[in-house]
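Residues in the sequence shown are numbered from 1 upward in steps of one, following this note's numbering.
Here is the structure we will look at.
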Amino acid sequence: MFVKLALLFIILPILELALLIEVGQRFGFWPTFALVVATGLLGAALARSQGRRAWRAIQQRLARGELPDAELLDGVLVLLAGIVLVTPGLITDLLGLTLLIPPARRWVRQALRRRLAAQVTHTGAASGPFFFHRVEHQPSPWRSTPTAPHGAYREGDVIDISPEEAPPDDQP
């Protein structure tokens, strides 16, 4: 984890600075400055439009009663793209603009899913910054099968009851 943070907060800014100096020496200060500002503005506009598209897709899936898993991950990736586009630098701008391209985002989303699936398969539950756990259905101690007149409930129906209404542990 320390190595990843070192890469993110020490090495990446040094590489960004070196690249900006190199581009500045080849093309001059003002063209380099204009390039950084233009990519930031273009990226912000693209992040806004892609963010709206992701939000609409989430709303449509929810309206159909479906879990918007891919759309939520797209939304997170668009947010990440917006964050790195605000960061001055050409490497982060390239990364941010790449994340705003739907096919590239789809590829990143699939790679993240494969990585998470491998973590779940290897450890039984995902670890690290992602906490997706495979949950087996286990009956709650505060759930019971209702007793009602014949026909009032179907076999297997379960109703929720509060802990106060639950029978004591010594009763079946």
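Even glycine gets a Cβ: it sits at the ideal position worked out from N, Cα and C.
Bear in mind that the values here come from a model prediction, so they are computed numbers and not experimental data.
Proximity below 8 Å, CB of residue i to CB of residue j
i: Gly40; j: Gly75; result: no
i: Gly65; j: Ala81; result: no
i: Ala205; j: Val78; result: Residue numbering for the chain in the displayed model covers 1 to 172; residue 205 lies beyond these limits and cannot be assessed.
i: Ala46; j: Thr32; result: In the sequence as presented, Ala is not what sits at residue 46; that position holds Leu. For Leu46 and Thr32, no; Cβs fall outside 8 Å.
i: Leu85; j: Ala44; result: yes
i: Arg109; j: Leu73; result: yes
Same chain only: Cβ atoms within 8 Å of residue i, ignoring 5 sequence neighbours per side
i: Pro13; result: Gly89
i: Leu42; result: Leu97
i: Arg61; result: Leu67, Pro68 and Glu71
i: Val36; result: Leu20, Pro88, Gly89, Leu90 and Asp93
i: Ala104; result: Thr98
Alpha helix (DSSP H) segment containing residue i, residue limits
i: Thr39; result: Phe29 to Ala63
i: Ile10; result: Neither: Ile10 is in no alpha helix (DSSP H) and is coded neither H nor E.
i: Thr92; result: Leu90 to Leu99
i: Glu71; result: Asp69 to Val86
Close Cβ partners of residue i (< 6 Å) along its chain, the five nearest in sequence each way excluded
i: Val3; result: none
i: Ala57; result: Glu71
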